[in-house]
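Below is one structure; the comments refer to it alone.
There are 2 protein chains.
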Amino acid sequence: MDQDQLVALITEVVAKQLCVNSGADKIPVAISNRHVHLSQEDMSRLFGANHRFKVFKNLSQPGQFAYEEKVTLVGPKGVLENVRILGPARTKTQVEISVSDGIKLGVNAPIRDSGELAQSASLTLVGPAGSTTLPEGTIIAARHIHMHPEDATRFGVKDKDRINVKTLGARGLVYNEMLVRVSDNYKLEMHIDIDEANAAYLNNNDSVEIV
Amino acid sequence: MDQDQLVALITEVVAKQLCVNSGADKIPVAISNRHVHLSQEDMSRLFGANHRFKVFKNLSQPGQFAYEEKVTLVGPKGVLENVRILGPARTKTQVEISVSDGIKLGVNAPIRDSGELAQSASLTLVGPAGSTTLPEGTIIAARHIHMHPEDATRFGVKDKDRINVKTLGARGLVYNEMLVRVSDNYKLEMHIDIDEANAAYLNNNDSVEIV
Chain A
15 MDQDQLVALI TEVVAKQLCV NSGADKIPVA ISNRHVHLSQ EDMSRLFGAN HRFKVFKNLS
75 QPGQFAYEEK VTLVGPKGVL ENVRILGPAR TKTQVEISVS DGIKLGVNAP IRDSGELAQS
135 ASLTLVGPAG STTLPEGTII AARHIHMHPE DATRFGVKDK DRINVKTLGA RGLVYNEMLV
195 RVSDNYKLEM HIDIDEANAA YLNNNDSVEI V
Chain B
15 MDQDQLVALI TEVVAKQLCV NSGADKIPVA ISNRHVHLSQ EDMSRLFGAN HRFKVFKNLS
75 QPGQFAYEEK VTLVGPKGVL ENVRILGPAR TKTQVEISVS DGIKLGVNAP IRDSGELAQS
135 ASLTLVGPAG STTLPEGTII AARHIHMHPE DATRFGVKDK DRINVKTLGA RGLVYNEMLV
195 RVSDNYKLEM HIDIDEANAA YLNNNDSVEI V
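Listed in order, the protein sequences are those of chains A and B.
Residues 15 to 225 in our numbering are what the first sequence spells out, letter by letter.
Residues 15 to 225 in our numbering are what the second sequence spells out, letter by letter.
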């Protein structure tokens, strides 16, 4: 081994080590509570045409935020109050609940990727100025991973790939076949709901690894 | 290959195939809701010394049953009513809750195997005749698999082994390092709590596979 080869080898080992130490192979966890994305029309219907919505805080995904306003979800078997509205407004209203929320409300919501609402569950939303009964639009959001294109290159994956992701600890598990979404607008983050977080004993900002 | 060898080979292949078809490599799922195992002393304290407990139903594990009686769990941040008591009585009272129950009650219960109660969480139990505040005894039960010795032989595992178990479907995942308990008193069953079931979209009597 000549000097150049030695330098290359040391560089590689050090780079690899730094990568591990900097958490470059880790994906941070973001846990979603139940929430609602409203259409402009439903915003007016529930809060009044002249209501000015107020931003409560920005979310970790760029351009996404939570409003101060909340709604009540009413199903055939139960009610969930104070459910947060996320912005910006969408073309079609989408309600995201957990399996346990679905049991409480008495609705049989399917597990779907965001936006895939055809023949999803019906639910009534009530706001201070009115109510609306959605014929469909209520889903249990399928777990997924947001990645910036740079992350995708680093991990060697592309948009819509499905990958297995491992958690550590007393309830360590592997989420199989997680959907990867890649966009310039995304920040690296695994999105799971509260049921999925509790099952793995994960908190926000914990890290998971690709298997 | 002589005739005996051929018969042996065919027998082996057919037996293997039958095993797969009969679900012999599958483990049925049992989902535990929050529950309490009371000591004889706490049974008297909460329900009165002369109270005659009534059996509500037998559980799938031989010799285990649910009483009709229920208690209220009271923590610093919340209350859970109508929590089922399981029998028979134990030497020490043990309360088993989920991560989400712990959040609601405001108690920081550790994930533990049944019976390992040292320095677990404190909680108040209230019954119709009295109450008791346990200094410890509240845990989040670690997921585990009950096996009869015949099952253990079939799967090639022994008591206290840890194995990985796979679920299928839209939320398919692998529970890593699940504790195996083997006893003549056990029936083959994987025990998980409601959070863990919802995360994998499992129902009672669904099946899982050893990886």
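C-beta: ideal position from N, C-alpha, C; glycine also.
8 Å Cβ shell around residue i - same chain, five flanking residues per side excluded
i	result
residue 191 (chain A)	176, 177 and 178
residue 195 (chain A)	158, 159, 160, 161, 173 and 174
residue 73 (chain A)	79, 80 and 100
residue 90 (chain A)	119, 120 and 121
residue 41 (chain B)	159, 179, 202, 203, 204, 221, 222, 223 and 224
Residue i and residue j closer than 9 Å at C-beta
i	j	result
residue 222 (chain A)	residue 43 (chain A)	yes
residue 87 (chain B)	residue 111 (chain B)	yes
residue 82 (chain A)	residue 61 (chain A)	no
residue 208 (chain A)	residue 46 (chain A)	yes
residue 148 (chain B)	residue 138 (chain B)	yes
residue 146 (chain A)	residue 220 (chain A)	no
residue 141 (chain B)	residue 48 (chain B)	no
residue 206 (chain A)	residue 169 (chain A)	no
Sequence-distant residues of its chain with Cβ nearer than 7 Å to residue i (five each side left out)
i	result
residue 181 (chain A)	187, 214, 216 and 222
residue 78 (chain B)	100
residue 30 (chain A)	Confidence at residue 30 (chain A) is low in this model, with a pLDDT of 46, below 50, so the placement of that residue should be treated as unreliable; the coordinate-derived value is given next. Contacts found: none.
residue 96 (chain B)	84
residue 133 (chain A)	150
residue 113 (chain B)	154 and 209
residue 115 (chain A)	48 and 94
residue 35 (chain A)	Unreliable positioning characterises residue 35 (chain A) in this predicted model, as indicated by a pLDDT of 40, which lies under 50. The coordinate reading is nonetheless provided below. Here the set comprises nothing.
residue 218 (chain A)	43, 44 and 45
residue 200 (chain A)	75, 160, 161 and 162
For residue i: DSSP bridge partner residues
i	result
residue 51 (chain A)	A:100 and A:108
residue 215 (chain A)	For residue 215 (chain A), which the question treats as bridged, DSSP gives no partner whatsoever.
residue 167 (chain A)	DSSP, once it has assigned bridges, lists no residue as partnering residue 167 (chain A).
residue 79 (chain B)	B:72 and B:101
residue 86 (chain A)	A:140
residue 221 (chain B)	B:42
residue 203 (chain A)	A:160
residue 63 (chain B)	According to DSSP, residue 63 (chain B) bridges with nothing at all.
residue 192 (chain B)	B:177
residue 93 (chain B)	B:88
Integer Cβ distance of residue i from residue j, believed to fall under 8 Å
i	j	result
residue 155 (chain B)	residue 128 (chain B)	6 Å
residue 144 (chain A)	residue 119 (chain A)	Not a contact, Cβ separation roughly 20 Å.
residue 125 (chain B)	residue 184 (chain A)	4 Å
Cβ shell of residue i (< 6 Å), same chain only, five flanking positions each side left out
i	result
residue 51 (chain B)	100, 104 and 108
residue 165 (chain A)	202
residue 17 (chain B)	none
residue 65 (chain A)	none
residue 71 (chain B)	80
At what residue ranges does the segment 115-146 of chain B contain a whole run of the beta strand (DSSP E), taking only runs of 3 or more? Listed in chain order, they are 135-141.
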